[in-house]
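There are 2 protein chains.
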Amino acid sequence: MNHDEITELAELGQQLRVDSVRATAAAGSGHATSSMSAADLTAVLFARHLRYDFENPESPSNDRFILSKGHASPVLYAAYKAAGAITDDELMTFRTYGSRLDGHPTPRIPWVDVATGSLGQGLPVGVGMALTAKRLDRTDCRVWVMCGDSELAEGSIWEAAEQAGYDHLDNLTAIVDVNRLGQRGPTRHGHDLDAYARRFHAFGWHTIEVDGHDVGAIDAAYQEAASTAGEPTVILARTLKGKGVAATEDREGLHGKPLKDSEGAIRELGGVRNIRIQVQRPTGAEALARHEGRLELPRYDKGGDEVATRNAFGEALTALGSARGDVVTLDGEVGDSTRAEFFSKEHPDRYFEFFIAEQQLVAAAVGMAARGWTPYASTFAAFLTRAHDFIRMAAISDVAINLVGSHAGVEIGEDGPSQMGVEDLSMFRAIHKSTVLYPCDANQTARLTAEMAGLPGVSYLRTSRSGMPVIYGPDEEFHVGGSKVLRSGDADRVTVIGAGQTVHEALAAADVLAGEGVDVRVIDLYSVKPVDRRTLREAASATGCLLTVEDHHEEGGIGDAVLDAFHDGRPTPRLVRLAVRMMPGSGKPEELLRAAGIDAESIAAAVRLLVEEAVVR
Amino acid sequence: MNHDEITELAELGQQLRVDSVRATAAAGSGHATSSMSAADLTAVLFARHLRYDFENPESPSNDRFILSKGHASPVLYAAYKAAGAITDDELMTFRTYGSRLDGHPTPRIPWVDVATGSLGQGLPVGVGMALTAKRLDRTDCRVWVMCGDSELAEGSIWEAAEQAGYDHLDNLTAIVDVNRLGQRGPTRHGHDLDAYARRFHAFGWHTIEVDGHDVGAIDAAYQEAASTAGEPTVILARTLKGKGVAATEDREGLHGKPLKDSEGAIRELGGVRNIRIQVQRPTGAEALARHEGRLELPRYDKGGDEVATRNAFGEALTALGSARGDVVTLDGEVGDSTRAEFFSKEHPDRYFEFFIAEQQLVAAAVGMAARGWTPYASTFAAFLTRAHDFIRMAAISDVAINLVGSHAGVEIGEDGPSQMGVEDLSMFRAIHKSTVLYPCDANQTARLTAEMAGLPGVSYLRTSRSGMPVIYGPDEEFHVGGSKVLRSGDADRVTVIGAGQTVHEALAAADVLAGEGVDVRVIDLYSVKPVDRRTLREAASATGCLLTVEDHHEEGGIGDAVLDAFHDGRPTPRLVRLAVRMMPGSGKPEELLRAAGIDAESIAAAVRLLVEEAVVR
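Line order of the protein sequences matches chains E and W. So for the first sequence, my numbering puts the first residue at 36; every next one is plus one. So for the second sequence, my numbering puts the first residue at 36; every next one is plus one.
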C-alpha cells in the first residue's frame, strides 16, 4: 500500500471508532471501548480482504465473517454503514426496541450468519463453515473469525483449534483482538501475544503477531493468512481497549459502557466522517449442485425381530443421505454406538468426525446449517448437555439443525448414571421453537428421522440402546405434532401415556389390566414437542385421568409436555406421573426400569391404586 | 527400585489386569481393554506414590485420585482390592444391581470423591481440589488425575490446563493413558506423545513422556512430578489398549467389552494373583480450622430505594463469608456484574477467579465441595448452560454446590437474547435433588443466599439485573419450599403466581384489577423447587384458576413447577401460563416485558379475559 492508502485505511478505522461511540451514546448502552480496539482490524478486513456480496449474502462464494466477540457489535454495524449496507439513521437505532441492530449480532441482519454474544462460540462455528467450504461447497470461500482475548479461556476455542489444525483448515483465519482487558479487569496473559501464539502453534496453527492499530501491518498479516497453505492462521493483534481517546485508552472499568464524554471523544477522534468503501465481490464459482433422489427408507417387519431405535436411526439416516445430497452427518467419537457410522460407509464425503468435543460437534452443525446444509449431529443424549449453550445460541441463530441423542434413560443398564440421558427432554423442550421426537419402534424412527430434515429450528430425536418390538408397519405415517392411540375403548378408565421404551411397558400393563377387567387407553406420544393437544384432550375428556410414564426425570419431560395441552384455562385432567425420581446405579435394564417405577408392573400397580381409591371411575 | 521391587510392581500390574478381566467377564459388560492399558500406571501409583488413608477418606492430608477416564473403573476397583479396601467377592459384584461398584465410579464408594464417566471432567475437578489444598486447606495433599487420551479433545481439559498452569498448581499431576484407541477407532494423535506434550507445555505445564508399561520408568516419572515446583505436571504414558493379551493388545473394535476368551486371557496374564499392597498413609498436618461467627445479613428498608437482587446477593454472600470460614466464592470473569466481587474485597483469600471458562468454574466448585468447602459459583444465568453436563454430574457426585445466575430473563433489556437466561429454571429443575430459588426482593435474596449454605445437592439462585422494590422487611423469614401469599381475600377470582420481576408485575396488576372490582390472589413463588404444594393447593381450591407469570420460556419453569403440586391424581386446577414465547431482541426492560406478555398490563388483560369468558367465577 502507498502512503495515501494507509492514511485512508487509518481514517476508516477512526470512522468506525466514531460511529461506535455515536451508536453507543445514542443507545445509552453498549460496548464502545471493545469496538474501538477492533476498529482498525475491522477496517482493513472490510476494505481490502473480505470478499462479500451484500446483495447476495447466501452465495457460497462469499467469504464469511463472524464477530465472535459479539459485544463489539457497534464496530460491525459501523462497518456495514461504511460498506453502504445500512444507513447512518439505521445505525443510530442500535439497541432500540424493534431495530435489527441488537446489542449482540443476530441473523435478523441478513449479513450475520449466526448469533454471537456467548463467548467462545464464533471460532467453532467458523470451523463448521470452513469445513463446509472445503469439503461440501468446495468453493474458495475464506472464513474470518474475530475473537476477543478474554474468550480464549473458553474450552470451546481449543476444541476448535484442535479440529482446525487437524483438518488443515487453511481457509480459516482467527483474528484475536488482544486488548488486554476483560470485563472486570486484566486478562490472564495481558499483552503477552507469545503466550497465545505458543498455544495456537502447539495446536497446529500458523501464527502472526501484529500491532492491531498499524493498518499496514494488519494488511500484510491478512495477506499472509490468505496465502498460508495447509494450516489455519491466527492473527494475534496487540490492541488497546478504548483506543484513540485518552480518557478511555487502555483503562480499566470501562467495559460495556458508552463513553462519558462522547462529544469530546468524537472531536478527539477527528470528528464524524463519511468514508464509503466498496467491499470486493467474490469471483469464485458457485457451489456444486446437490443430488436429489427418491427416499427409500428401511422397512422393518411388524412383529418381527426387535430392533433398537438407534439402529433404525443409523439406517434411515443412511437412506436419507442417498436421497438427499444436502444431508451431512457429524459424529462425536461414538458413531459406533449412535449408529451414525452406518452413514459413513455409504457417504464418507459427507461424514465428519469431531472426536470427543460436543461443543465443536454442535457448533459445526450450526455452521453447516447456516450455509444451507442439513446436518445430523449425534452423541449420547447425556452428552448433548455439554453443548447446551451452543444449542441455546443455535435457536437465536435460527438455524435448522438436527441433534440425535442415543442411550436415553435408565434403560441403558449397566453403564450407570453418567451415561444415562435423563435431563435431555427437559433441555430440548425449553429451547425456543424446538421439536422433540422420541420414537419407540424402528419404522417410526425411520419416518421421524426423515421428517426432521424438513423442520426449521433445533430438532431433537431421542433414541434408545436396547432392541424394542416393532409395533408399526413400514407404511404407517407419523407427523410432527402427532401421537398414536394404541389401545382405546369405551370403558377406558385411565389413559397411559408413554414414549420410547415406556410405550412397550404401557402396552404390557394394558394387557395385564385388561385381564383384570380394567381397560386403559394407551397413547404413544412420540412427538413430545409440539404435543398432540387434540388427542390428549380427547383422552382426558374420555377417561378423566392421565398417567404419564417416562424414562426421564419428572421435571420438564413427558408429564410436563402433556400438560402443555391444558394450560389455556380449560379444565385440566387429573394427572399422575411415573418418572425417574431416584439416582440410578448400574444393573440390568429391567431392574432399573423396575427400580425407577416405570416398568409395566409399576404402571399396572399405579392404575390399580387409582381404581381402588376411586380416583378414576 | 531394585530388581525385586520392579518385578513385584509388574506383577501387581498383571494382577490388576487379571482382576479387570475377571470383573468384566463376571458382569458380562465393561471396559476391560481400557483397564489393561492403565494397569501399570495404576499399580505404581497405588503401591508407591499415593498417600491415602482408606479408613479416613475425608482427611485433608490425603492425596486425591480421580479416575477421569471413568470407564476404566475395573482397574480402580482392582486396585481397591489390592489395597485391601474391598474383597474379591465384592469386586465380582461389578455392574450388578445394588452393588456400589457401578459401571463408572460414583461416590457411593467412600474413596471416590466425584463421579466420572462424562469425559474431560476429572481434570477440571482436580484443579478445584488442587486449589483447595493449596489455598484453603493448606495441606501438602497431591491431586492425581488419570485421563484417557481421547478425552483430551474436550475443551474442558484445556480450560483446566490453562487454570492449572496460570495458578502454578504443582500439587496437580495429570497422568494420561495414551493407548491410541478411542471408542470407535484411533484418536487424532495416536501414539504421538509429543503432540500432547507441545500442547500442555504451551499451557505452562511440565511434561514427561514415558513408556506406560515400564514400571521403573513410571515410578521415576511420578517422583519427578512430585518434586517439580511451580508447574503442574502431565505424564504422557505410551500404552497399549488391551495390553498383555495378544488377542486384544493394540486392537481396534474391542472398546467397552469383556474379553471373548477371558479364561485364556487370565492364563496368558499369568493367572490369578493375590498381591496385597499397603498404600502409604499421609503424614501431613490436618487442615486449618475454619472460623465460625454470627451471621449479620444486610438489611434493606421495606419500601425504600429499589435494590437489584444481584446486589443483595453480593452483599449477603460477603456477610456469609464473614460468618462462615467455609464459604468460598468462584467467579467466571463477570464478578462486577454478578456482584460476587463484593466478596473479594472482604475475603480475597477465599475468592477464586476462573476467567471465562464456565465448565472449569463449576468443576472447581465440585472439587471444593467434595473437599468439604461451601462454594458459591456465579455467572450470567444464560452462561451456566455452558456447564450443564458438569451440573448433571455434580448431582451424581452428590456434592453440595451453590450456583448463582444473574441477568435472568428478558428483563435485562438492551443486551439482547444471547445474554438472557430464559432456559435456566428448566435446566436446574431437571437436576436430581436440586433446589431452585428465585427471589424478587433484596431482603428475600439475602435470606435465601444464606439458606443455600446448608442445603445438600445442587442449589441454584436466580438473580436479576435491575433494581426492584423492597417489599419484605429485613426480619421476614423465607424457607426453602415456602412461598408468600402477598394478596389474598375471600373474593379472589384468580391466583396469580410469579417470582422475581413478575411478582412486582403481579402486584401492580392486582392493584389495577382491584380498582375494577376484580380481586386476585398473588403468590410469590420464590422457591421454585421444592414448590410449596400446600399453599398452591389452597389457592387452587379457593380460586379454581391459577395464572403463572414467568420471565422464562414456557417449558420447564414456574408453570411446570406449579403443576408439580397436582400430579398425584388429585383434582387439577385450571391453569393459564404467561411466559416468554417469542425470541426477544434488544429494547428497554419494560418494552421487552410487554412484548413477552408478562408485564402488569398483560397480567391484568389475561385476568379480565378469564373473568369475561367466565372461565373463573
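Beta carbons are placed, not taken as given, at the ideal position from N, Cα and C, and that holds for glycine. On a predicted model such as this, the values are computed, not experimentally measured, just so you know.
**Q.** CA-to-CA distance, residue 533 of chain E to residue 659 of chain E, given in whole angstroms
**A.** The shown model of chain E, from 36 to 652, leaves out residue 659 of chain E, and the question about it has no answer.
Q: Quick one: which unbroken beta strand (DSSP E) runs of 3-plus residues sit fully inside the stretch 180 to 230 of chain E? Chain order, please.
A: Those beta strand (DSSP E) runs which fall completely within the stretch 180 to 230 of chain E and span 3+ residues are 207 to 213.
Q: Would you mind giving the Cβ-Cβ distance between residue 542 of chain W and residue 497 of chain W, rounded to the nearest angstrom? I have them listed as a contact below 8 Å.
A: Beta-carbon to beta-carbon, residue 542 of chain W and residue 497 of chain W are separated by about 19 Å, too far to satisfy the 8 Å threshold.
Q: List the residues that DSSP assigns as beta-bridge partners of residue 588 of chain E.
A: The bridge partners DSSP lists for residue 588 of chain E are E:615.
Q: Run down chain E in chain order and give the residues with a C-beta less than 9 Å from the C-beta of residue 71 of chain W.
A: Within 9 Å Cβ-Cβ: nothing; residue 71 of chain W doesn't reach chain E, min ~19 Å.
Q: Count the other CB atoms, across all protein chains shown, that sit within 10 Å of the CB of residue 122 of chain E; report buried if there are 16 or more and exposed otherwise.
A: Its Cβ having fewer than 16 others within 10 Å, residue 122 of chain E is exposed.
Q | Endpoints, beta strand (DSSP E) assigned at residue 414 of chain W | A | Unbroken beta strand (DSSP E) run through residue 414 of chain W: 409 to 415.
Q. Taking the alpha carbon of residue 23 of chain W as the point to measure from, which residue in W:624, W:527, W:316, W:384 has its own alpha carbon closest?
A. Absent from the structure is residue 23 of chain W, since the part of chain W shown begins at 36 and ends at 652.
Q.
Contact criterion: CB-CB distance below 7 Å. Does residue 423 of chain W meet it with respect to chain E?
A. Taking Cβ atoms only, chain E reaches closer than 7 Å to residue 423 of chain W, which makes this a yes.
**Q.** Start-end ranges of the alpha helix (DSSP H) lying completely within the stretch 289 to 319 of chain W, minimum 4 residues
**A.** Look at the stretch 289 to 319 of chain W and you find these whole runs of alpha helix (DSSP H), each 4 residues long or longer: 297 to 303.
Q: Could you tell me whether any Cβ in chain W is nearer than 7 Å to the Cβ of residue 146 of chain E?
A: Taking Cβ atoms only, chain W never reaches closer than 7 Å to residue 146 of chain E, which makes this a no.
(Q) Our contact map puts residue 583 of chain E next to residue 548 of chain E with C-beta atoms below 8 Å; I'd like the distance itself, whole angstroms only. (A) Not confirmed; about 16 Å, so no contact.
Q.
Using only CA atoms, which one of E:202, E:340, E:334, E:152 lies nearest to residue 266 of chain E?
A. Nearest C-alpha to residue 266 of chain E among E:202, E:340, E:334, E:152: E:202.
Q. Going along the chain, which residues of its own chain have a beta-carbon closer than 6 Å to the beta-carbon of residue 67 of chain E, five neighbours each way excluded?
A. Excluding residues within five positions, the ones whose Cβ falls inside 6 Å are 55, 56, 59, 293, 294.
Q. Beta-carbon of residue 150 of chain E versus every beta-carbon of chain W: anything under 7 Å?
A. Cβ-Cβ to chain W under 7 Å: yes for residue 150 of chain E.
Q. When DSSP builds the beta bridges, which residues end up paired with residue 364 of chain W?
A. W:386, W:411.
Q. Name the chain W residues whose beta carbon is nearer than 9 Å to that of residue 527 of chain E?
A. Chain W residues near residue 527 of chain E: none, gap ~16 Å exceeds 9 Å.
**Q.** Opposing strand residues paired with residue 449 of chain W [DSSP bridges]
**A.** According to DSSP, which records beta bridges pairwise, residue 449 of chain W is partnered with nothing at all.
Q | Continuous beta strand (DSSP E) stretch holding residue 370 of chain W: start and end | A | Element bounds for residue 370 of chain W: not the beta strand (DSSP E) but the alpha helix (DSSP H), 370 to 373.
**Q.** Run of the alpha helix (DSSP H) containing residue 423 of chain E, from where it starts to where it stops
**A.** 423 to 432 is the span of the alpha helix (DSSP H), which, as asked, contains residue 423 of chain E.
(Q) So residue 557 of chain E and residue 597 of chain E are supposed to be a Cβ contact under 8 Å. How far apart are they, rounded? (A) With a Cβ gap of about 14 Å, residue 557 of chain E and residue 597 of chain E do not count as contacting.
Q. Taking just the CA atoms, how far does residue 339 of chain W sit from residue 586 of chain W?
A. The alpha-carbon atoms of residue 586 of chain W and residue 339 of chain W are separated by roughly 24 Å.
**Q.** Alpha-carbon spacing of residue 333 of chain E relative to residue 516 of chain E, whole angstroms
**A.** When rounded, the distance between both Cα atoms is 23 Å.
Q. For residue 40 of chain E, which residues from the same chain have a beta carbon less than 6 Å from its beta carbon, with the 5 sequence-adjacent residues on both sides left out?
A. Closer than 6 Å at the Cβ level, and outside the excluded window around residue 40 of chain E, lies no residue.
(Q) On the CB-based measure, 16 or more other CB atoms within 10 Å of its CB, does residue 562 of chain W come out buried or exposed? (A) Note on residue 562 of chain W: 16 or more other CB atoms within 10 angstroms of its CB, so buried under the neighbour-count rule.
Q) Can you name, in chain order, every residue of its own chain whose Cβ lies under 6 Å from the Cβ of residue 361 of chain W, other than the five neighbours on each side? A) When the five nearest sequence neighbours on each side are left out, the beta carbons in the same chain lying within less than 6 Å of the beta carbon of residue 361 of chain W are those of 325, 408, 409, in order along the chain.
Q.
Give me the residue from E:72, E:237, E:574 with the minimum Cα distance to residue 248 of chain E.
A. Ranking E:72, E:237, E:574 by CA distance to the CA of residue 248 of chain E puts E:72 first.
Q: Can you have a look at residue 169 of chain W and say buried or exposed, based on whether 16 or more other CB atoms are within 10 angstroms of its CB?
A: A buried status is given to residue 169 of chain W, since no fewer than 16 other beta-carbon atoms sit within 10 Å of its beta-carbon.
Q.
Let's see if you can read the secondary structure: which residues bound the alpha helix (DSSP H) around residue 112 of chain W?
A. 108 to 117 is the extent of the alpha helix (DSSP H) around residue 112 of chain W.
(Q) Is there a Cβ of chain E sitting closer than 7 Å to that of residue 391 of chain W, yes or no? (A) Yes, residue 391 of chain W lies at the interface with chain E (some Cβ there is under 7 Å from its Cβ).
Q.
On the criterion of 16 or more Cβ atoms from any shown chain inside 10 Å, does residue 258 of chain W qualify as buried, or is it exposed?
A. Exposed is the label assigned to residue 258 of chain W, since fewer than 16 other Cβ atoms lie within 10 Å of its Cβ.
Q) So residue 231 of chain E and residue 187 of chain E are in contact, right, with Cβ under 8 Å, and what is the actual spacing, rounded? A) Contact annotation, residue 231 of chain E with residue 187 of chain E: C-beta distance approximately 6 Å; criterion of less than 8 Å satisfied.
Q. Taking buried to mean at least 16 other C-beta atoms within 10 Å of its own C-beta, is residue 644 of chain E buried or exposed?
A. By the 10 Å Cβ count, residue 644 of chain E comes out exposed.
Q. Just to confirm, are residue 656 of chain E and residue 387 of chain E a CB contact at a threshold of 7 Å?
A. The displayed coordinates of chain E run from 36 to 652. Any statement about residue 656 of chain E would go beyond what the structure contains.
Q) How is residue 272 of chain W classed by DSSP in three states: helix, strand or coil? A) Strand, per DSSP.
Q) If you measure from the beta carbon of residue 556 of chain E to each beta carbon in chain W, is any gap under 7 Å? A) It does not; no Cβ of chain W falls within 7 Å.
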